[in-house]
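Numbering (full-length UniProt numbering), first residue to last: 1 to 209.
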């Protein structure tokens, strides 16, 4: 009797064949990423990711480590950098707050100086007004008006010459005026006249005559 040949069992795939078959299946699924792992980026390959493992087809086919997922080392580096930046920002904010506080203190001193100077100026103005008022006659601060001696009354000699009357008693003009000591020879008291007394005598004589 002829021998019946038994069907041969399929030859088991090598590890390389398994990787390639797996990569082909991943590519057929068509889940291509917008970004690529480092290997695919360097070799300009399309990067198809396997959802179960998170590796791409190109890295699976050659058994390479895929960098689609960020490594823990890179994550730690980024976290440390973020913490340093946050600390730097916090320090800058603290410095800014301190500068704002110092600025407010300077503004407060500035307002204090302004109020003090204004108070001093007000006192000076008041003292000046009081001094100007006290320098006027009677302390009223009004301007002093002196009688004008212009015209005929300015010539005192001519006035005395025109209105002198030998028969008129002029002794009343010297009432109340201080008298000098009597002369050594004739014993006559001579009235002591200053300029103001002389002016008053002349005016009195002018109006009476």
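All C-beta atoms in this analysis are idealised placements derived from N, C-alpha and C, irrespective of residue type, glycine included. Since this is a predicted model, take the numbers as computed values, not measurements.
Please classify residue i as buried or exposed, where buried requires at least 16 neighbouring CB atoms within 10 angstroms.
{"i": "residue 115", "result": "exposed"}
{"i": "residue 96", "result": "exposed"}
{"i": "residue 36", "result": "buried"}
{"i": "residue 69", "result": "exposed"}
{"i": "residue 58", "result": "buried"}
{"i": "residue 48", "result": "buried"}
Of all the options the options, which has the alpha carbon lying nearest to the alpha carbon of residue i?
{"i": "residue 54", "options": "44, 32, 74, 73", "result": "32"}
{"i": "residue 56", "options": "76, 124, 34", "result": "34"}
{"i": "residue 24", "options": "46, 133, 41", "result": "46"}
{"i": "residue 67", "options": "38, 44, 84", "result": "38"}
What did DSSP end up calling residue i once you bin it into helix, strand or coil?
{"i": "residue 62", "result": "helix"}
{"i": "residue 47", "result": "coil"}
{"i": "residue 40", "result": "helix"}
{"i": "residue 179", "result": "Interpretation of residue 179 is limited by its pLDDT of 48, a score under 50 that renders its predicted location unreliable; the figure taken from the coordinates is listed afterwards. In the structure shown, residue 179 sits in a strand (DSSP, three-state: E or B)."}
{"i": "residue 74", "result": "helix"}
Within 9 Å (strictly less), CB to CB, does residue i reach chain D?
{"i": "residue 124", "result": "Any reference to chain D falls outside this structure, which holds one protein chain only."}
Measure how close the beta-carbons of residue i and residue j come, nearest whole angstrom, since I'm counting them as under 8 Å.
{"i": "residue 60", "j": "residue 50", "result": "7 Å"}
For residue i, which residues from the same chain have a beta carbon less than 6 Å from its beta carbon, with the 5 sequence-adjacent residues on both sides left out?
{"i": "residue 75", "result": "none"}
{"i": "residue 120", "result": "none"}
I'd like the list of long-range same chain contacts for residue i, defined as Cβ closer than 7 Å, with 5 residues on each side in sequence excluded.
{"i": "residue 41", "result": "none"}
Can you give me the Cβ contacts of residue i inside the same chain, cut-off strictly under 8 Å, excluding the 5 residues immediately before and after it?
{"i": "residue 125", "result": "none"}
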